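Worksheet: the structure to be examined is printed underneath.
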Amino acid sequence: MRIAIVGTGYVGLVSGACFAEVGVEVACVDIDRAKIDALRNGIIPIYEPGLDDLVKRNVEAGRLTFTTDLESCINDVEMVFCAVGTPADEDGSADLSYVCEVARTFGRNINHYNILVTKSTVPVGTFRIIRQVIDEELSLRGEDIPYEVASNPEFLKEGAAIKDFMSPDRVVIGVESDRSRKLMERLYRPFLLNNFRVIFMDIASAEMTKYAANAMLATRISFINDIANLCELVGANVNNVRKGIGADARIGSKFLYPGCGYGGSCFPKDVKALISTARQNGYRLRVIEAVEEVNRIQKSVVYTKLRDAFGGDLRGKHIAIWGLSFKPETDDMREATSLVVIQHLLANGAKVTVYDPVAMDECRRRLGDSVDYARDMYEAVIDADAIALLTEWKQFRLPSWRIIRRAMNTPAIIVDGRNIYDPSELEEEGFEYHCIGRK
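This is how it looks when you write it as C-alpha cells:
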C-alpha cells in the first residue's frame, strides 16, 4: 500500500515512519526544502526517543521517502494524509490556511479515486470546507473525479509517540462510505491483528473526539491544580487528596498530578479552538473556559512563590531553572511554563541561568542571550539564590544535594514546580523548600 503524508512536523514525521515500519510505502511531503534536504541526509528536526533509528531504518529499506512535490506523487498513492499545522489565530480559532492549501493541491492533481485524510487537529465541520475546496478545483478543471475525505485524528504523547502509534489504546477514524472504510481498515490491518481498537464513526464525531479528549485531559490537570492551591490555604496535602480521589474507579489517578501548568503544541491550542468553535455556534463552554483560565494563572505560581520567598524583591537575585521543555522527553517549548516564569523573572530584575537535557538549542532560538546557559544541572546552581524545577526530567530526581547546597548562596531556596522532592529531606540538607499544594 502506498500513501503520502503532507507535513513533516511532529505528527507527520512520526506517523510516516511508523506506517513505513509496518510495511506501507510512505512519501513524506513538505514545502520546506531545507527540512526535506535535512531529512534526506538523516537529520531529524525534532527530538523524539527512537525516531532517528526508525526513520533511518525505513529510508534504507526504501519504504520512506521525502519530497517537496506532492503533485509528483499524488497519483501514485491510494490516500493522502494531511498533517500540516493548524496554529491558533488571535481569537483562538484554528488557522486552516495550510489545510485548505493541501485540499487545493489535492483537487488540482488527482486523476483517480483517492482519499484525503485529515490527521491535523481541525475544528468540527472542517471536512465540509475541505470538500468545498476540492470541488472548486475539480470544477475549474472541468473534471468529475471520485474522491472522499476522512478524519483520522492523532493521540500521540510527545516523548512516547512511537509507542503510542505502534500500540495505540484506540484509533479513531471518521469515514463517509464503506469504500473508504475498507481502505482505512486495510491500512490499519497490522494494528487490528494485535487486537487494538479501531473505532469507526462519522467524520464530524471524529473531529470532535480529538478536541474533546484533549479538553478532558486539560480539565483534569487544571482541576487538580486548583485543588492544590486550595490545599495550601487550608493546610491539606494535595498528594494525599490525589491518592484518595484517584482510588475511586470512576475517577482514576491519571492526569491528577499537581504542578505548574500544562503546555505543548496540543492542549493550549486545542482548548482555545474548542472554546472558539462553541462561540461561533452560539454556545459557551464554561467549564473549558475555566480550565484555560486556571492554567494561565498556574503557569505563574512558581514565579509567585519565588517572589514571595524573597520578600517581593527579586532584583539582583540569581535563579537557576531546571527544565525548559513543557514536559520530559521532548525539546518542545511551545506554551512551556518555563517561558512564563523566565519572562517574569527577567522583568523583575533577576539573573537567570537555565539547563535542560535536550531543549537548550530551542531555548537559545527563543530567548537568545537574555539568560545564561549552563552545561549541566550543577553548573546552573553555582552562586544561585534559588532553583526552580519546571520539568520533571529523570536526571533531576535524585541529585547530590550536598554538592548543590555548597554551590548555592543562602538561603538556598528550591521551588519544586512538579512536586518530585521530599520536603523533609531537603530541609535536612539546609534548603528552604516550596512546592505545589503541600505546606
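Last residue of the sequence shown: 1211 (the working numbering), numbering continuous. Backbone N, C-alpha and C define an ideal beta-carbon position, used for all residues, glycine too. As the structure is a computational prediction, the values presented were derived from the model and not from experiment.
- Within the segment 1121–1174, the beta strand (DSSP E) runs of at least 3 residues that lie entirely inside it are, in chain order, 1123–1127 and 1158–1161.
- Taking 9 Å as the cut-off, the Cβ atoms of residue 996 and residue 1010 count as close.
- Annotation for residue 923: no alpha helix (DSSP H) segment contains it, though the beta strand (DSSP E) segment containing it runs 919–923.
- By the C-beta density criterion, residue 1166 is exposed, having fewer than 16 other C-beta atoms within 10 angstroms.
- Note that the C-beta distance between residue 1034 and residue 979 is not below 9 Å.
- Using a Cβ distance threshold of 9 Å, residue 789 and residue 845 do not count as a contacting pair.
- Every beta strand (DSSP E) of 3 residues or more that sits fully in the segment 872–940 is shown, in chain order, as 886–890 and 919–923.
- Within the segment 1040–1081, complete alpha helix (DSSP H) segments of at least 4 residues are found at 1058–1070 and 1073–1081, given in chain order.
- Taking the Cα of residue 1042 as reference, the smallest distance to any Cα among 892, 923 and 1182 is reached at 892.
- Residue 1101 sits close to residue 821, with the two beta carbons spaced by under 9 Å.
- Where residue 839 is concerned, the enclosing beta strand (DSSP E) starts and stops at 836–839.
- Runs of beta strand (DSSP E) with 3 or more residues, each lying fully within the segment 935–991, are found at 943–946 and 970–973, listed in chain order.
- Counting every other CB atom within 10 Å of its CB across the protein chains shown gives residue 911 a total below 16, marking it as exposed.
- The beta carbons of residue 796 and residue 965 sit no closer together than 9 Å.
- The Cβ-Cβ distance between residue 856 and residue 887 does not fall below 9 Å.
- Segment contact: the segment 810–829 against the segment 928–940, three or more CB-CB distances shorter than 8 Å; contact assigned.
- Of the candidates 968, 1185, 1173 and 1209, the residue whose Cα lies closest to the Cα of residue 1201 is 1173.
- Straight across, the Cα-Cα distance linking residue 1002 with residue 946 is about 41 Å.
- Residue 1156 and residue 1004 have their C-alpha atoms roughly 26 Å apart.
- Per DSSP, reduced to three states, the secondary structure at residue 1038 is coil, with no helix or strand assignment.
- Residue 799 has its alpha-carbon roughly 17 Å from the corresponding atom of residue 875.
- Your pair residue 981 and residue 1063 does not check out as a contact, with CB atoms roughly 18 Å apart and the cut at 8 Å.
- When the five nearest sequence neighbours on each side are left out, the beta carbons in the same chain lying within less than 7 Å of the beta carbon of residue 918 are those of 885, in order along the chain.
- With contacts defined by Cβ atoms closer than 9 Å, residue 1017 and residue 1094 do not form a contacting pair.
- DSSP, reduced to helix, strand and coil, places residue 1087 outside both helices and strands of the structure shown, so it counts as coil.
- Under DSSP, residue 866 shares a beta bridge with 860.
- Looking at the backbone, the Cα of residue 793 and that of residue 824 are separated by about 13 Å.
- CA-to-CA, the gap between residue 853 and residue 871 works out to about 10 Å.
- Classified as exposed, residue 1199 has fewer than 16 neighbouring CB atoms from the shown chains inside 10 Å of its CB.
- Straight-line spacing of the CA atoms in residue 1068 and residue 1089 works out to 25 Å.
- DSSP places residue 1014 inside the alpha helix (DSSP H), whose first and last residues are 1010–1018.
- In this structure, residue 1209 sits near residue 1030, with a CB-CB distance shorter than 9 Å.
- Per DSSP, residue 1119 is one residue of the alpha helix (DSSP H) stretching across 1109–1119.
- Between residue 1111 and residue 1078, the C-beta gap is not smaller than 9 Å, which leaves the two residues out of contact.
- In the three-state reduction of the DSSP assignment, residue 1205 falls in the strand class.
- Between the alpha carbons of residue 903 and residue 895 lies a distance of about 14 Å.
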